[in-house]
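Enquirer:
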Amino acid sequence: MKVIKIQNRAVRKLLKEMAEVAGFLWQRGWAERNAGNISVNITGLADEKNLFTEDHPFFKLETEYPDLSGKVFLISITGSHMRDLARKPKRNVLLIRLNEKGNGYWMALAGKDNPTGTSPTSELPTHLGIHQMIAQNGGNEKTVLHTHVTELIALTQIKEYCNEKKLNRLFWTMHPETAIFVPDGVGFVPYSTPGSQDIADETLKALENHKVALWEKHGVFAIAPGPLEAFDLIDILAKSAKIFFLVRSAGYDPQGLTDEQLKILKALADKF
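Following my numbering, the numbering of the sequence shown begins with 70 at its first residue and continues without gaps.
1) Does the separation of the CB atoms of H200 and F142 fall below 9 Å?
2) For L132, which three-state DSSP category applies?
3) Could you tell me if R166 is buried or exposed, where buried requires 16 or more neighbouring beta carbons within 10 angstroms of its beta carbon?
4) Could you compute how far the alpha carbon of P194 sits from the alpha carbon of F300?
5) Ends of the beta strand (DSSP E) at N106?
6) Which residues in the same chain have their Cβ closer than 7 Å to the Cβ of F313, if we skip the five residues on either side of it in sequence?
7) At what residue ranges does the stretch 223–297 contain a whole run of the alpha helix (DSSP H), taking only runs of 4 or more?
8) Report the rounded CA-to-CA distance for R216 versus F290, giving the unit in angstroms.
9) Is the stretch 151–169 in contact with the stretch 93–102, if contact means three or more CB pairs nearer than 8 Å?
10) Are three or more beta carbon pairs between the stretch 103–115 and the stretch 315–322 nearer than 8 Å?
11) Please name the residue or residues paired with G173 in a DSSP beta bridge.
12) Just to confirm before moving on: does the CB-CB distance between K211 and A293 stay below 9 Å?
13) Which residue from D270, I222, V251, P252 puts its Cα closest to that of E192?
14) Which one or two residues does DSSP pair with A189 in a beta bridge?
15) Taking the alpha-carbon positions, what's the G268 to V281 distance?
16) Thinking N347 and G295 are a contact (beta carbons under 8 Å), I'd like their distance in whole angstroms, please.
17) Compute the Euclidean distance between the alpha carbons of T356 and S309, then round it to the nearest angstrom.
18) Between the alpha carbons of G254 and K340, how many angstroms are there, rounded?
19) Determine the closest residue to K335 out of I249, V218, E285, with distance taken between C-alpha atoms.
20) Per DSSP, what are the beta-bridge partners of T212 in this structure?
21) Which one of K274, K332, P252, P263 has the shortest CA to CA distance from L302?
22) Flag this pair as touching only if the stretch 75–95 and the stretch 155–162 have three or more C-beta atom pairs under 8 Å; answer yes or no.
23) Mapping the DSSP letters down to three states, classify V416 as helix, strand or coil.
24) I'd like to know whether the C-beta atoms of S145 and S108 end up nearer to each other than 9 Å.
Quick look at the structure:
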């Protein structure tokens, strides 16, 4: 398969950020084995029309994404390990460019030593669906990040917190930073088979009014302008959940912030 040499400085910087975030996910234990995936819309940062040629393999998609016509993405490969993406990012990501109808894509390697039979992450339909939604809404988010955050998954093992309103109340009241930097909270997605169209559809609904979607008993999806910003959203939520479990494990019920304190914090959120 043909390799595209990444020369654009902005794209190289994004690839470096992807690798940095992958390292964070692995260090925190949020990326066991091949868990987690990431995609970044790099359209406009390179000469898209000349980036891919007829020499590149073309693959059809089951769903059309017309709003992604001609757009180019860096995306992690299926089966990739975040610890490996952190060390060798070019070997663990691909470049894809969608065709004019948005129902297929050309694919190229980012590194010469990619594994045989390399393909995009199995969560590709979810990633493309999210990027399509962002394009339709005119959003500035370029990054879609999925990972398995231990503390957040643990919360969804408690029936009481398989509820969007109660989840967000917990996140906001456990830590002031969460109310400031994640003022819209998370969208909750009831359990569905990973990689399915059902979970992709439910994730889109959850992200219509949130920057983070929490999958029951599985993990999270976050959208943001860049990889580090997507990681920050998830990291803040994980801190709130960790505080909750630490207080509970000490034998106490968390006191949490009051409604008045939250009101003041939410007003501050507009300044950030």
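Here a beta-carbon is modelled for each residue, glycine too, at the ideal position from N, C-alpha and C.
Expert: In this structure, then:
1) Indexing the sequence shown from 1 puts residue 200 at position 131. Indexing the sequence shown from 1 puts residue 142 at position 73. In this structure, the beta-carbon distance from H200 to F142 falls below 9 Å.
2) Indexing the sequence shown from 1 puts residue 132 at position 63. Inspection of the sequence shows that residue 132 is occupied by Thr rather than by Leu. DSSP, reduced to helix, strand and coil, places T132 outside both helices and strands of the structure shown, so it counts as coil.
3) Locating residue 166 in the sequence shown gives position 97, where the first residue counts as 1. Under this definition R166 is a buried residue.
4) For this step, residue 194 is matched to residue 125 along the sequence shown. For this step, residue 300 is matched to residue 231 along the sequence shown. Taking C-alpha positions only, P194 is separated from F300 by approximately 21 Å.
5) In the sequence shown, counting from the first residue as 1, residue 106 sits at position 37. From DSSP, the beta strand (DSSP E) with N106 extends over 106–110.
6) For the purposes of this step, residue 313 is identified with residue 244 of the sequence shown, where counting begins at 1. The answer, listed in chain order, is L239, M243, P323.
7) Fully enclosed alpha helix (DSSP H) runs of no fewer than 4 residues occupy 233–243, 245–250, 266–275 of the stretch 223–297, in order along the chain.
8) Taking the first residue of the sequence shown as 1, we reach residue 216 at position 147. Taking the first residue of the sequence shown as 1, we reach residue 290 at position 221. One detail in the question is off: residue 216 reads as Thr in this sequence, not Arg. Using only the alpha carbons, I get a separation of about 7 Å.
9) As far as the Cβ criterion goes, the stretch 151–169 touches the stretch 93–102, which means the pair count is three or higher.
10) Inter-segment contact for the stretch 103–115 and the stretch 315–322 is absent: fewer than three beta-carbon pairs are separated by less than 8 Å.
11) To locate residue 173, count along the sequence shown from 1; it is residue 104. Beta-bridge partners assigned by DSSP to G173: K129.
12) Counting from 1 along the sequence shown, the entry for residue 211 is found at position 142. Counting from 1 along the sequence shown, the entry for residue 293 is found at position 224. Against a cut-off of 9 Å, the Cβ pair of A293 and K211 comes out as a contact.
13) Taking the sequence shown and counting its residues from 1, the one referred to as residue 192 is at position 123. The alpha carbon of E192 has as its nearest neighbour, out of D270, I222, V251, P252, the alpha carbon of D270.
14) In the sequence shown, the residue the question calls residue 189 occupies position 120. It should be pointed out that residue 189 corresponds to Pro in this sequence rather than to Ala. The secondary-structure analysis by DSSP pairs P189 across a beta bridge with I146.
15) In the sequence shown, residue 268 corresponds to position 199, counting from 1. In the sequence shown, residue 281 corresponds to position 212, counting from 1. This sequence places Ile at residue 268; Gly is not what is there. Roughly 14 Å separates the two Cα atoms.
16) It is not possible to answer for residue 347, since the shown part of the chain is limited to 70 through 341.
17) Any question about residue 356 goes unanswered here, given that the chain covers just 70 to 341.
18) Position 185 of the sequence shown, counted from the start, is the residue given in the question as residue 254. Position 271 of the sequence shown, counted from the start, is the residue given in the question as residue 340. When rounded, the distance between both Cα atoms is 17 Å.
19) Locating residue 335 in the sequence shown gives position 266, counting from the first residue. Closest by alpha carbon: I249.
20) Within the sequence shown, the letter at position 143 stands for residue 212. Per DSSP, V109, A293.
21) Along the sequence shown, one-based indexing puts residue 302 at 233. Measuring from the Cα of L302, the nearest candidate turns out to be P252.
22) Yes, they touch.
23) In the structure displayed, the chain extends from 70 to 341; residue 416 sits before or after that span and is not available.
24) On the sequence shown, residue 145 is found 76 positions in, with the first residue counted as 1. On the sequence shown, residue 108 is found 39 positions in, with the first residue counted as 1. Yes.
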